[in-house]
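To start, the structure itself, in structure tokens.
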Amino acid sequence: DDVRRLATEIEQAQGPEIAKMQAFLTAWGAPAPGAMPGMDHESMGDGSDQNGMGQGGMGQGGMAGMMTPEQMGRLEQADGADFDRMFLEMMIAHHEGAVQMAQTELADGTNPEAKALAQQIVDAQQTEITAMRELLG
Numbered sequence: 001d002d003v004r005r006l007a008t009e010i011e012q013a014q015g016p017e018i019a020k021m022q023a024f025l026t027a028w029g030a031p032a033p034g035a036m037p038g039m040d041h042e043s044m045g046d047g048s049d050q051n052g053m054g055q056g057g058m059g060q061g062g063m064a065g066m067m068t069p070e071q072m073g074r075l076e077q078a079d080g081a082d083f084d085r086m087f088l089e090m091m092i093a094h095h096e097g098a099v100q101m102a103q104t105e106l107a108d109g110t111n112p113e114a115k116a117l118a119q120q121i122v123d124a125q126q127t128e129i130t131a132m133r134e135l136l137g
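Numbering (full-length UniProt numbering), first residue to last: 1 to 137.
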């Protein structure tokens, strides 16, 4: 199934990106994502401790595109074509939030490695957004 294949590809692509960002935080003495509620990417599957998309797509202090526990609950209850559609719509919003954050790093950041990673994220996630929109039809 195309949606399942794309989800696996996204997971495999984001793993190294997340590891690199965690290494940056450790090197800079900043808190790890698990210490910041709603920013633990690993917990997306169960909808727990996610800051959500409120008005304007921003959670309470979270990144644009993070799903609310309610949205994750609706996704968990869906199946078949409804699940695929909801998953793709939520992942597009999530990716758009990541692209927005990466573009902010490109515009305002000073660390060359972080800026290089931000450009990789923009390139990869814009490609994935295009693929997800094609799957939605």
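From the three backbone atoms N, C-alpha and C, an ideal C-beta is built for every residue, glycine too.
Point to revise | Closest Cα partner of residue 120 within the set 66, 8, 99, 76 | key: 99
Exercise for review: Compare the beta carbon distance of residue 97 and residue 118 with 8 angstroms and say whether it is the shorter of the two.
Suggested key: no
Review point. Taking C-beta to C-beta, are residue 74 and residue 66 nearer than 8 angstroms?
Key: no
Check your understanding: With a CB to CB cut of under 6 angstroms and the five nearest residues on each side skipped, what residues in its chain are close to residue 57?
Key -> Any answer about residue 57 is weak, because its pLDDT of 41 lies below 50 and its placement is not dependable; what the coordinates show is given next. Taken in chain order, the residues that qualify are 64.
Check your understanding: In chain order, what residues of the same chain lie with their CB nearer than 6 angstroms to the CB of residue 125, ignoring the 5 residues before and after it?
Key -> 95, 98, 99
Practice item. Tell whether a beta-carbon distance below 8 angstroms holds between residue 135 and residue 2. Key: yes
Check your understanding: Nearest CA to the CA of residue 12: which residue from 137, 27, 128?
Key -> 128
Point to revise | Pair within 8 angstroms by beta-carbon distance, residue 132 and residue 6 | key: yes
Check your understanding: How long is the line joining the alpha carbons of residue 113 and residue 31, rounded to whole angstroms?
Key -> 19 angstroms
Point to revise | Pick from 123, 108, 69 that is closest to residue 14, judged by C-alpha positions | key: 123
Exercise for review: Could you say which of 88, 104, 21, 130 lies nearest to residue 4 if we only look at CA atoms?
Suggested key: 88
Point to revise | Exposure of residue 27, with buried meaning 16 or more beta-carbon neighbours within 10 Å | key: exposed
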